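Below is one structure; the comments refer to it alone.
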Amino acid sequence: MSNSTALLNQSVADELCAVHQYMYFHFRLADQGFGPLAHLFKKTAIVEMGHVEALAERILFLKGEVEMQVSHPVEKITDAAAMLAKAVEMEQASARDYNLAAQKCGADADAASKSLFEHLVGDEEGHQDQFEKQLDNIKRFGPAYLALQSLNLPAPPPPEE
Ligand SMILES: [Fe+2]
Ligand SMILES: [Fe+2]
Numbered sequence: 008m009s010n011s012t013a014l015l016n017q018s019v020a021d022e023l024c025a026v027h028q029y030m031y032f033h034f035r036l037a038d039q040g041f042g043p044l045a046h047l048f049k050k051t052a053i054v055e056m057g058h059v060e061a062l063a064e065r066i067l068f069l070k071g072e073v074e075m076q077v078s079h080p081v082e083k084i085t086d087a088a089a090m091l092a093k094a095v096e097m098e099q100a101s102a103r104d105y106n107l108a109a110q111k112c113g114a115d116a117d118a119a120s121k122s123l124f125e126h127l128v129g130d131e132e133g134h135q136d137q138f139e140k141q142l143d144n145i146k147r148f149g150p151a152y153l154a155l156q157s158l159n160l161p162a163p164p165p166p167e168e
């Protein structure tokens, strides 16, 4: 078995954990009427599912088995700011793990796994950035920010000529 397979399977487990956690956040936020943030979590969960797929394809190419374990149980967080803090933490941990995994794969002369992990680092840092922006806005404008975002106000009329 390739040395990369264990790293890839650990990453599948972390990605599945993110899918579950972000879907939980999605329907909890939707239930509280926070549509835009609920949508951001759903959209991100779908990207994480794509990461599972890419990792699984690499494992199969290396003639390994995809274990489909989930690394952690879902945390039942219902406060939006706490959800975002948790998500930022998860994305930072993933980026750190994938940077290390890329180094190990490189040292092991597995360039394709290395490049897959490097691609994932870029995605996770992008997610971290999006979640941090939302968290900053809640801190700046208070919890009302999320409620106001959800009003779906019509666009203002064009200015008079
Ligand atoms: Fe991911
Ligand atoms: Fe992510």
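For what it's worth, the numbering used here labels the leading residue of the sequence shown as 8, then goes sequentially.
All C-beta atoms, glycine included, are put in the ideal place defined by N, C-alpha and C.
Computed from a predicted model, the values in this text were never measured in an experiment.
* Is the CB of Cys24 under 8 Å away from at least one CB in chain B? -> Chain labels in this structure do not include chain B; a single protein chain is all it has.
* So does Glu98 have its beta carbon nearer than 7 Å to some heavy atom of ligand 2? -> yes
* Asked: When every heavy atom of ligand 2 is checked, does at least one fall within less than 7 Å of the C-beta of Glu82?
  -> no
* Would Val81 be called buried (16 or more neighbouring beta carbons within 10 Å of its own) or exposed? -> exposed
* Asked: At a cut-off of 7 Å, is Asp130 close to ligand 2 when judged by its beta-carbon and the heavy atoms of the ligand?
  -> yes
* Asked: How is the alpha helix (DSSP H) around His33 delimited, first residue to last?
  -> Ser11 to Asp38
* How is the alpha helix (DSSP H) around Gln137 delimited, first residue to last? -> Ala118 to Phe148
* Asked: Taking DSSP as the reference, what is the three-state secondary structure of Asp86?
  -> coil
* So, are the CB atoms of Ser120 and Arg65 less than 8 Å apart? -> yes
* Asked: How far does the alpha helix (DSSP H) with Glu64 in it reach, from first residue to last?
  -> Gly42 to Phe68
* Asked: What's the gap between the Cα of Thr85 and the Cα of Ser78?
  -> 21 Å
* Residue range of the alpha helix (DSSP H) that Gln156 falls in? -> Ala151 to Gln156
* **Whole-angstrom C-beta distance between Leu62 and Ser18, which should lie under 8 Å** => 5 Å
* **Cut-off 7 Å between Cβ atoms - residues of its own chain near His33, not counting five sequence neighbours on either side** => Ala45, Phe48, Lys49 and Ala52
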